[in-house]
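Participant: Okay, here's the structure, questions in a sec.
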Amino acid sequence: MNEWLFFDSREELDRTLASTLAASLRSTLEQQSRGSLALSGGSTPRGMLRQLAGMALAWARVDLSLVDERWVEPRDPDSNERLLRENLLQGPAASARFTGLKSPGDDIGHAAELASRRLAALQQPFTAVVLGMGADGHTASWFPQAANLAALLDRQGQARFAATEPVTAPHRRLTLTLAAVLNSHHIHLQLTGADKRAVLESAVPDSRPVASILTQTRTPVTIWWAP
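Position 178 of the sequence shown, counting from 1, maps to 642 under my numbering, and the rest follow consecutively.
Here it is as structure tokens:
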């Protein structure tokens, strides 16, 4: 169920992925009242998000949320919410219904419960989920050394959002679980560079967290790569 798409440039990848997501949303909105995307942060999707913001869509009927979030304030430079607000939620796309993950206070476990309740109010299954991947083979905030990694990757798990401590990266995180990510019509995995391609190609034999996406058979996966 995994399809690879290769591009000569990151700009071409960004344009094509944004167009694909917009087309998927339009198709969804022809059949039902709302569509939804779960999006990732980091530097890789920034150009794609800017392209997506310029797409002609009935944005007021689109639900947007995050795959994961660092436990920082939304104004923090490391905030994924800030990334979306600055690069996607601009112009007509600002009328989309965005659900952030950071909540007041310091109780991240309670925040995971709140996020799960908010998720229940969004259109599901997601029209699409867009994932990235780190050099260690993590995706979402499923980090290799996290104490609760097995629970995060439980396909039958009941939790939709969970708190996690990456160990190998800064900040506590809130993240969708594998079970929640799979509740989507399509998963798009966006990555760039030869190093990350090599990591992904060896992810299954190396038992990297991203392998949980590659080996499942429930939800189609498209892998988008550019040098």
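The C-beta atom is built at its ideal place from N, Cα and C for all residues, glycine as well.
#1: Tell me where the alpha helix (DSSP H) around R672 begins and ends.
#2: Pick helix, strand or coil for R409, following the three-state DSSP scheme.
#3: Between W689, V536, R661 and D600, which lies nearest to T632 when the distance is taken from Cα to Cα?
#4: Determine the direct distance from the alpha carbon of L553 to that of M519, and round the result to whole angstroms.
#5: Report all residues from its chain with a CB closer than 6 angstroms to the CB of F590; omit the five preceding and five following residues, and keep chain order.
#6: Near L618, what residues of its chain come up, given a Cβ to Cβ distance below 8 angstroms and the 5 sequence neighbours on each side ignored?
#7: Look at T656 and R539 and say whether their C-beta atoms are less than 8 angstroms apart.
#8: Am I right that L530 and G555 are in contact with their C-beta atoms under 8 angstroms? What's the rounded C-beta distance?
#9: If you draw a straight line from the alpha carbon of E577 to that of D670, how long is it in whole angstroms?
#10: Give a yes or no on whether the C-beta atoms belonging to R624 and L583 are separated by under 8 angstroms.
#11: Report yes if the CB atom of W606 is closer than 8 angstroms to the CB atom of I572, and no otherwise.
#12: Does the distance from the C-beta atom of W523 to that of A487 stay below 8 angstroms?
#13: For V663, count neighbouring Cβ atoms within 10 angstroms of its own Cβ and tell me buried if that reaches 16, exposed if not.
#14: Are the Cβ atoms of E467 and I651 separated by less than 8 angstroms?
#15: In the structure shown, what three-state DSSP assignment does S500 receive?
#16: Near D532, which residues of its chain fall below 8 angstroms by C-beta distance, leaving aside the five closest residues on each side in sequence?
#17: When the Cα atoms are used, what is the spatial distance from L489 to Q515?
#18: If you measure between the beta carbons of A482 and M512, is that distance less than 8 angstroms?
#19: To which residues does DSSP link H593 through a beta bridge?
#20: Tell me where the alpha helix (DSSP H) around L640 begins and ends.
#21: Let me know the alpha helix (DSSP H) ranges lying completely inside the segment 598-640, each 4 residues or longer, listed in chain order.
#22: Please work out which residues of its chain come closer than 8 angstroms, Cβ to Cβ, to R510, disregarding the five sequence neighbours upstream and downstream, and give them in chain order.
Facilitator: Reading from the atomic positions:
#1: If you number the sequence shown from 1, residue 672 lands on position 208. Element bounds for R672: n/a, residue is neither H nor E.
#2: Residue numbering for the chain in the displayed model covers 465 to 691; residue 409 lies beyond these limits and cannot be assessed.
#3: As a first step, residue 632 must be located in the sequence shown, where it is residue number 168. If we check each option's Cα against that of T632, D600 comes out closest.
#4: Residue numbering aside, residue 519 sits at position 55 when the sequence shown is read from its first letter. Residue numbering aside, residue 553 sits at position 89 when the sequence shown is read from its first letter. Taking the straight line from one Cα to the other gives about 12 angstroms.
#5: Indexing the sequence shown from 1 puts residue 590 at position 126. S500, A502 and S648.
#6: Reading the sequence shown from its first residue, position 154 is the one you call residue 618. Note that residue 618 corresponds to Asp in the displayed sequence, not to Leu. Closer than 8 angstroms at Cβ, skipping near neighbours: T641, L642 and A643.
#7: For the purposes of this step, residue 656 is taken as the residue at position 192 of the sequence shown. For the purposes of this step, residue 539 is taken as the residue at position 75 of the sequence shown. Contact: no.
#8: Counting from 1 along the sequence shown, the entry for residue 530 is found at position 66. Counting from 1 along the sequence shown, the entry for residue 555 is found at position 91. Their Cβ separation, rounded to whole angstroms, is 20 angstroms, which puts L530 and G555 out of contact at 8 angstroms.
#9: By one-based count along the sequence shown, residue 577 stands at place 113. By one-based count along the sequence shown, residue 670 stands at place 206. Computed Cα separation, rounded: 32 angstroms.
#10: By 1-based counting over the sequence shown, the position of residue 624 is 160. By 1-based counting over the sequence shown, the position of residue 583 is 119. Yes. Within cutoff.
#11: The residue given as residue 606 occupies position 142 in the sequence shown. The residue given as residue 572 occupies position 108 in the sequence shown. In this structure, I572 does not lie closer than 8 angstroms to W606 by Cβ.
#12: Taking the sequence shown and counting its residues from 1, one reaches residue 523 at position 59. Taking the sequence shown and counting its residues from 1, one reaches residue 487 at position 23. The answer is no: Cβ separation not under 8 angstroms.
#13: Reading the sequence shown from its first residue, position 199 is the one you call residue 663. V663 comes out buried.
#14: Sequence index remark: in the sequence shown, residue 467 carries index 3 (1-based). Sequence index remark: in the sequence shown, residue 651 carries index 187 (1-based). The answer is no: Cβ separation not under 8 angstroms.
#15: For this step, residue 500 is matched to residue 36 along the sequence shown. Strand, per DSSP.
#16: Position 68 of the sequence shown holds residue 532. Result list for D532: S504, G505, N544, L565, A604, S605, R637, L638, T639 and L640, in chain order.
#17: As a working note, residue 489 is residue 25 in the sequence shown. As a working note, residue 515 is residue 51 in the sequence shown. Those two C-alpha atoms are separated by around 15 angstroms.
#18: Walking along the sequence shown from the start, residue 482 turns up at place 18. Walking along the sequence shown from the start, residue 512 turns up at place 48. Taking 8 angstroms as the Cβ cut-off, A482 and M512 qualify as a contacting pair.
#19: Working through the sequence shown from its first residue, we reach residue 593 at position 129. It is worth fixing the name first, because residue 593 is Val in this sequence and not His. A502 and I651.
#20: Numbered from 1 along the sequence shown, position 176 holds the residue referred to as residue 640. Element bounds for L640: not the alpha helix (DSSP H) but the beta strand (DSSP E), R637 to L640.
#21: 613-616
#22: The residue labelled residue 510 in the question sits at position 46 within the sequence shown. Closer than 8 angstroms at the Cβ level, and outside the excluded window around R510, lie L547 and N551.
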